[in-house]
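As structure tokens, the structure follows; a few thoughts come after it.
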Amino acid sequence: MLQIYHNNRCSKSRECVVSLDASETPYETIDYLRNPLKFRQIKALLKKLKLNAIDIVRTNETEWAAYKGLELSNDDIVRILAKHPILMQRPIVVNGDKAVVARPLEKISEIV
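Under my numbering, the first residue of the sequence shown carries the number 849, and numbering increases by one thereafter.
Rendered as structure tokens:
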């Protein structure tokens, strides 16, 4: 079963849910804003994504301004994501040991 890290206030995230519903693909929704991921969970997600932490940071969010221009390690950024989950890109779709940031939605086909 797929998992989607979802923010209902995000249009791309809502589009992903609509697309999965239309395809009748079973999935579990994870509201990562209500239930923020812990450091280890983010590290595991990054491994599935095959990305560095900075690759899933929404650098246009106001919460990122305090960190912009600082020299940060991957672990530093993971800690920031754990503290400020709004900074995490969405939607992220996981299928077993593979994951994608589903922007555009067609990226989901890479892991299904």
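We put the CB at the ideal spot given by N, CA and C, even for glycine.
So, at 6 angstroms on beta carbons, what are the nonlocal neighbours of residue i in its own chain, with the 5 sequence-adjacent residues on each side left out?
i, result
"ASN922", "ASN900 and ALA901"
"PRO874", "MET849"
"LEU929", "ILE890, LEU935 and MET936"
"LEU868", "TYR875"
Out of the options, state which residue places its alpha-carbon closest to the alpha-carbon of residue i.
i, options, result
"LYS916", "SER871, LEU935 and ALA930", "LEU935"
"VAL926", "ASP869, SER859, LEU885 and GLU872", "LEU885"
"VAL905", "GLU954, ARG882 and HIS932", "HIS932"
"ASP924", "SER861, LYS891, ALA870 and CYS858", "LYS891"
"HIS854", "SER957, GLU954, VAL949 and GLU919", "VAL949"
"ARG882", "ARG857, ASN943 and LEU920", "ARG857"
Along the alpha helix (DSSP H) that carries residue i, what are the first and last residues, could you check?
i, result
"ALA892", "887-897"
"VAL926", "922-931"
"GLU863", "859-870"
Along the beta strand (DSSP E) that carries residue i, what are the first and last residues, could you check?
i, result
"ASP879", "875-879"
"LEU850", "850-854"
"ALA947", "946-949"
"VAL941", "940-943"
Skipping 5 residues on each side, what residues in its chain have a beta carbon closer than 7 angstroms to that of residue i?
i, result
"ALA947", "LEU893, LYS896, LEU897, ILE940, VAL941 and ILE959"
"ARG862", "ASN856"
Got a sec? Which residues, its chain only, sit under 8 angstroms from residue i by beta carbon, not counting five neighbours each side?
i, result
"CYS969", "One cannot answer for residue 969 here, as it falls past the ends of the chain, which runs 849 to 960."
When the cut-off is 7 angstroms and only beta carbons count, does residue i lie next to chain B?
i, result
"ASP869", "Protein chain content of the structure displayed is limited to a single chain, and chain B is not contained in it."
Cβ pair count under 8 angstroms reaching 3, the segment 905-920 against the segment 867-882: no
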